[in-house]
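**Q**
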DNA sequence: ACAGAATTCAAACGATTGTTTTAAATGCCC
DNA sequence: GGGCATTTAAAACAATCGTTTGAATTCTGT
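Chains as they are written, first to last, in this note's numbering: chain A, 12 to 222; chain B, 12 to 222.
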């Protein structure tokens with residue numbers, strides 16, 4: 012069993028630890044310790060801790076975003092052809108379902124999705140700036156689609172509601188690993204698919220509420 | 012103009028910096044620098060940085076939570092007397108309106124509410140554990156009320172939706188100072204009251220969505 | 001097999017952190 | 001005003017952080 016190369020081992024360890032402990036609470040020493048590589052390997056292969064974060068993001072987020080963008084555009088074009096506005100829930104689905112599919116494709120992917128969820132609500136500018144550059148075009152496309160789906164909503168209201176929706180999304184993505192709002196844990200937790208359905212239903216109802 | 016005493020100056024500075032930069036990214040030196048007190052004063056008056064965080068929380072959160080609990084119980088008792096289940100939007104209002112009123116009562120209070128918003132979505136266990144102990148009873152009361160308001164919802168579903176709602180709330184509270192999901196900033200931002208109304212409408216629609 | 005490039009390694013660097021220490025200053029009661 | 005407790009002040013503490021260094025090692029192409 013030949014181990015993956017140093018770069019990949021670092022990316023895997025960083026992804027997992029960034030997701031679990033956050034960027035600033037994860038030291039290079041803990042990353043290189045888990046990856047079983049030398050401390051200096053991070054700066055040698057990636058240049059800096061921040062560049063490592065960007066590499067962790069780009070490794071999976073670029074392909075995932077391509078998928079989500081394609082799905083979004085399919086929905087928009089199908090609506091165009093039918094001469095109708097797109098349905099809000101289809102737009103949300105185009106956004107969420109590829110994410111869930113990626114998460115369930117491999118056990119290791121769970122950490123990455125949790126990291127994305129964290130990053131969506133991250134207050135630290137280092138992480139957020141790095142993440143925003145990668146995700147903003149997609150958010151913009153989603154907003155644009157929702158404007159057509161819900162033309163009766165003033166843009167400022169829609170934007171506000173989209174922020175609400177994305178907040179709920181973010182927590183759904185990082186909740187499974189560590190629940191931030193732990194009110195009660197008596198009832199059995201929902202599995203990923205059911206959780207996504209609940210999320211779509213909740214956000215859809217919120218977005219479509221009378222104004 | 013006699014300045015407030017050392018303890019209060021430290022609390023004020025810590026509140027503001029914790030809200031702006033987060034607990035771990037705020038150094039005691041920056042706090043004592045802004046408060047114009049000596050570095051050792053924090054450990055002398057509060058014991059530790061963590062104890063300072065707790066003091067910052069308790070100073071305003073204890074009175075605010077008392078208010079919110081009273082409002083919640085008023086709604087529950089009024090519904091009891093009328094022999095009807097309480098309305099979900101009244102419960103949410105009992106939770107949100109005192110928060111907004113506190114925020115608008117004094118300019119300095121904005122930082123505190125932003126800190127509370129941050130803490131609701133905080134992943135770091137130091138901050139969250141400290142905050143959770145103070146807020147959990149209130150969340151539990153809200154959940155209990157919503158269970159009566161929406162008896163058709165299975166408890167697990169309601170809990171999931173309440174988490175969605177609280178996520179949206181959290182971001183609404185810390186958004187004004189620094190927006191975490193900055194998709195677009197073209198349209199004029201909503202003021203506090205309008206934002207709270209939108210939040211109530213959105214979360215209400217989401218909570219009451221068919222199951 | 002060997003030169004040269006690429007990678008790994010142990011060690012140290014400078015900066016920053018929360019905390020502690022020891023002494024000086026201040027306020028307060030008798 | 002003297003004596004005592006409280007508060008402030010400056011300095012140093014030990015620990016951790018990201019990063020750099022320079023030599024040792026491994027890999028690669030001919």
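Quick reminder that beta carbons are idealized off the backbone N, C-alpha and C, glycines included. Keep in mind it's a predicted model, so treat the numbers as computed, not measured.
So with CB distances below 8 Å, who are the chain A contacts of residue 135 of chain B?
**A** Going along chain A in sequence order, the residues near residue 135 of chain B (Cβ under 8 Å) are 33, 36.
**Q** Going by the CB atoms, is the gap between residue 129 of chain A and residue 10 of chain A shorter than 8 Å?
**A** Within the shown structure, residues of chain A are numbered from 12 to 222, placing residue 10 of chain A beyond reach of any answer.
**Q** Are the C-beta atoms of residue 171 of chain B and some chain A residue less than 8 Å apart?
**A** Taking Cβ atoms only, chain A reaches closer than 8 Å to residue 171 of chain B, which makes this a yes.
**Q** So, are the CB atoms of residue 18 of chain A and residue 39 of chain A less than 8 Å apart?
**A** For residue 18 of chain A and residue 39 of chain A, no; Cβs fall outside 8 Å.
**Q** Using the Cα positions of residue 108 of chain A and residue 23 of chain A, report the straight-line distance between them to the nearest angstrom.
**A** The alpha-carbon atoms of residue 108 of chain A and residue 23 of chain A are separated by roughly 24 Å.
**Q** Quick one: which chain A residues come within Cβ less than 7 Å of residue 168 of chain B?
**A** Per Cβ cutoff of 7 Å: 209.
**Q** Answer yes or no: does any C-beta atom of chain A fall closer than 8 Å to that of residue 178 of chain B?
**A** So, interface residue.
**Q** According to DSSP, is residue 38 of chain A part of a helix, a strand, or is it coil?
**A** Coil, per DSSP.
**Q** Specify, as a first and last residue, the run of the alpha helix (DSSP H) that residue 182 of chain B falls within.
**A** Segment 166–185, the alpha helix (DSSP H) holding residue 182 of chain B.
**Q** How about residue 185 of chain B and residue 125 of chain B: are their beta carbons less than 8 Å apart?
**A** Yes, these two residues count as a Cβ contact at 8 Å.
**Q** Identify, in the order they occur along the chain, each residue of the same chain with its Cβ nearer than 6 Å to the Cβ of residue 49 of chain A, setting aside the five sequence neighbours on each side.
**A** So the list is empty, once near-sequence residues are dropped.
**Q** Where does residue 155 of chain B fall in DSSP's three states?
**A** Three-state DSSP puts residue 155 of chain B in a helix.
**Q** Between which two residues does the alpha helix (DSSP H) containing residue 113 of chain A stretch?
**A** 99–116 is the span of the alpha helix (DSSP H), which, as asked, contains residue 113 of chain A.
**Q** Report the option in A:92, A:28, A:14, A:118 whose CA atom is closest to the CA atom of residue 203 of chain A.
**A** Nearest of A:92, A:28, A:14, A:118 to residue 203 of chain A, Cα basis: A:118.
**Q** What does the Cβ neighbour count give for residue 178 of chain B, buried or exposed, with the cut at 16 atoms within 10 Å?
**A** Buried, since its Cβ has 16 or more Cβ neighbours within 10 Å.
**Q** Along chain A, which residues have their Cβ under 9 Å away from the Cβ of residue 206 of chain B?
**A** The answer, in chain order, is 171.
**Q** On a Cα-Cα basis, can you pick out the residue from B:145, B:210, B:165, B:27 that is closest to residue 74 of chain B?
**A** When each option's Cα is compared against that of residue 74 of chain B, the closest is B:145.
**Q** What three-state label does DSSP hand residue 162 of chain A in the structure shown?
**A** Three-state result, residue 162 of chain A: coil.
**Q** So with CB distances below 7 Å, who are the chain A contacts of residue 213 of chain B?
**A** Simply 172, 175, 217, 220.
**Q** Taking DSSP as the reference, what is the three-state secondary structure of residue 57 of chain B?
**A** Residue 57 of chain B falls in the coil class under three-state DSSP.
**Q** With 8 Å set as the bound, which would you pick, yes or no: does the beta-carbon of residue 129 of chain A sit closer than that to a beta-carbon of chain B?
**A** Residue 129 of chain A counts as touching chain B.
**Q** Thinking residue 183 of chain B and residue 206 of chain B are a contact (beta carbons under 8 Å), I'd like their distance in whole angstroms, please.
**A** Confirmed, Cβ separation roughly 6 Å.
**Q** Can you tell which of A:161, A:134, A:209, A:148 has the C-alpha that lies nearest to the C-alpha of residue 35 of chain B?
**A** The shortest C-alpha separation from residue 35 of chain B is found at A:134.
**Q** With a cut-off of 8 Å, does the C-beta of residue 50 of chain A fall near any C-beta of chain B?
**A** It does not; no Cβ of chain B falls within 8 Å.
**Q** Does the CB of residue 103 of chain B have a neighbour CB from chain A at under 8 Å?
**A** Not an interface residue.
**Q** Could you tell me the boundaries of the alpha helix (DSSP H) in which residue 94 of chain B lies?
**A** Unbroken run through residue 94 of chain B: none, as it is neither H nor E.
**Q** Going by alpha carbons, who is nearest to residue 142 of chain B out of B:151, B:181, B:173, B:68?
**A** Ranking B:151, B:181, B:173, B:68 by Cα distance to residue 142 of chain B puts B:68 first.
**Q** Does the beta carbon of residue 223 of chain B come closer than 8 Å to any beta carbon on chain A?
**A** With chain B covering only 12 through 222, there is no way to say anything about residue 223 of chain B.
**Q** Put residue 201 of chain B into one of helix, strand or coil per three-state DSSP.
**A** It is coil, neither helix nor strand.
**Q** Listing by chain order, which chain A residues have their CB less than 9 Å from the CB of residue 138 of chain B?
**A** Those within 9 Å of residue 138 of chain B in chain A number zero; the least Cβ separation is about 11 Å.
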